[in-house]
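Undergrad: Let me give you the structure first, and then I'll get to my questions.
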Amino acid sequence: MVGTDPHFQAWLMPYHRYPELAFLKIDHLSFDEQNVFFHLRNGQAFSLTQGGYLRLDSLSPAQRQDYRLENLGFTASWRHLGGSCWDSPELVWGDLQDQALRRLDEAAWDLEAIDLRNRHLVALWRLQADYYNGGLLQVFANWGVPTFEYAQAALALLGLQPARQLLQDFYGVFAHLQDEPTQIELWDIPQWLNEAQNARLGEIDEQLGEAIEELQWAALRHFLSA
């Protein structure tokens, strides 16, 4: 996670509520000419280019080495960049999702052809990516019922029952449309609903943001201990 104030991020992120993920804390960083390497306590190492979001390529070697471990050790920040930082859980969660997406690619993008664990990971990736990009209707319209159901099952496994219920409630608003004789495109669902029903979809969409605030952390706890 890139930011400019690790103390503000500490207020937003639940670093202190997941002591069982202490093995994901950053042990140290190392550098070569193009990359920065995050070495975690569990032995994993992740590389990021010094350019891009981090902007480390604008610093001198001494300034790059002048990093601080913040937020109980989950975050590396650089004061010479105004506090720009990156979280280790973000790296690990991204890696888990990338692994699942590679399995899906190898299976010719057939969700049912991969194991259940990876189906859940793919569904959570789709949920996060499309929800934050365009809302819950985008998730459903892009991926349909199977992904929506796997996302609900995954949220239940993570202990995020309020989020699971919101997805169920969202689908419930327009579930009756499956009885319509006319073929309805998923993106056209709002056109088949009345004002109150569309307002309800908007309420649920807004509530989901808070309900999945800790999805990444809950997912790491579940999938890395399974």
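Take the sequence shown: its position 162, counted from the start at 1, is 162 in full-length UniProt numbering, and no numbers get skipped.
We put the CB at the ideal spot given by N, CA and C, even for glycine.
Measure the alpha-carbon distance for Gly82 versus Arg55 and round it to whole angstroms.
TA: Taking the straight line from one Cα to the other gives about 11 Å.
Undergrad: Taking only runs that begin and end inside the segment 130–163, name each unbroken alpha helix (DSSP H) of 4 or more residues, in chain order.
TA: Correct list: 136–157.
Undergrad: Nearest CA to the CA of Arg200: which residue from Leu167, Ala219 and Glu210?
TA: Among Leu167, Ala219 and Glu210, the Cα nearest to that of Arg200 belongs to Leu167.
Undergrad: The alpha helix (DSSP H) spanning Asn198 covers which residue range?
TA: Glu195 to Ala211 is the extent of the alpha helix (DSSP H) around Asn198.
Undergrad: Distance check for Leu24 and Ala45, CA to CA, integer angstroms please.
TA: C-alpha separation (whole angstroms): 10 Å.
Undergrad: Taking only the alpha-carbon atoms, compute the straight-line gap between Gln183 and Pro190 and give it to the nearest angstrom.
TA: Those two C-alpha atoms are separated by around 14 Å.
Undergrad: Please state whether the Cβ-Cβ distance between Leu136 and Asp205 is less than 8 Å.
TA: Contact flag set, yes.
Undergrad: In three-state terms, what does DSSP make of Arg55?
TA: Arg55 falls in the coil class under three-state DSSP.
Undergrad: Is it a yes or a no for the segment 211–224 touching the segment 120–130, going by three-plus beta-carbon pairs under 8 Å?
TA: Short answer: they touch.
Undergrad: With a CB to CB cut of under 7 Å and the five nearest residues on each side skipped, what residues in its chain are close to Trp187?
TA: So the list reads Ala141, once near-sequence residues are dropped.
Undergrad: Taking all protein chains shown into account, do 16 or more other C-beta atoms lie within 10 angstroms of the C-beta of Thr75, making it buried, or fewer, making it exposed?
TA: It is buried - the Cβ of Thr75 has at least 16 other Cβ atoms within 10 Å.
Undergrad: Could you give the residue range of the beta strand (DSSP E) that holds Glu106?
TA: Premise fails: Glu106 lies in the alpha helix (DSSP H), Ser88 to Glu106, not in any beta strand (DSSP E).
Undergrad: Let me know the secondary structure DSSP gives Glu70 once reduced to three states.
TA: Correct three-state label for Glu70: strand.
Undergrad: Could you spell out the range, first to last residue, of the alpha helix (DSSP H) harbouring Trp217?
TA: Per DSSP, Trp217 belongs to the alpha helix (DSSP H) from Leu215 to Phe223.
Undergrad: Here's the rule: buried if 16 or more other CB atoms are within 10 angstroms of the residue's CB, otherwise exposed. What is Tyr67?
TA: Tyr67 is buried by the Cβ-count criterion.
Undergrad: By the 10 Å Cβ neighbour count, where 16 or more other Cβ atoms means buried, how is Arg164 classified, buried or exposed?
TA: Per the 10 Å Cβ criterion, buried.
Undergrad: Cα separation between Arg102 and Leu48?
TA: If you take the alpha carbons of Arg102 and Leu48, they lie about 20 Å apart.
Undergrad: For the alpha helix (DSSP H) that contains Ala62, what are its first and last residues?
TA: Start and end: Pro61 to Gln65.
Undergrad: In angstroms, rounded to a whole number, what distance separates the CA positions of Asp98 and Arg126?
TA: Taking the straight line joining both Cα atoms gives about 12 Å.
Undergrad: Report buried or exposed for Arg17, applying the criterion of at least 16 other Cβ atoms within 10 angstroms of its Cβ.
TA: It is exposed - the Cβ of Arg17 has fewer than 16 other Cβ atoms within 10 Å.
Undergrad: Are the Cβ atoms of Ile212 and Leu160 separated by less than 8 Å?
TA: Cβ atoms of Ile212 and Leu160: closer than 8 Å.
Undergrad: Quick one: measure Cβ to Cβ for residue 227 and His80, integer angstroms, because I've assumed they're closer than 8 Å.
TA: The requested residue 227 is not part of the displayed model; the chain covers only 1 to 226.
Undergrad: Leu193 and Pro146: beta carbons closer than 8 Å?
TA: Taking 8 Å as the Cβ cut-off, Leu193 and Pro146 do not qualify as a contacting pair.
Undergrad: Which residue's Cα is closest to the Cα of Glu210: Pro162, Phe223, His176 and Gln197?
TA: With distances taken between Cα atoms, Glu210 lies closest to Pro162.
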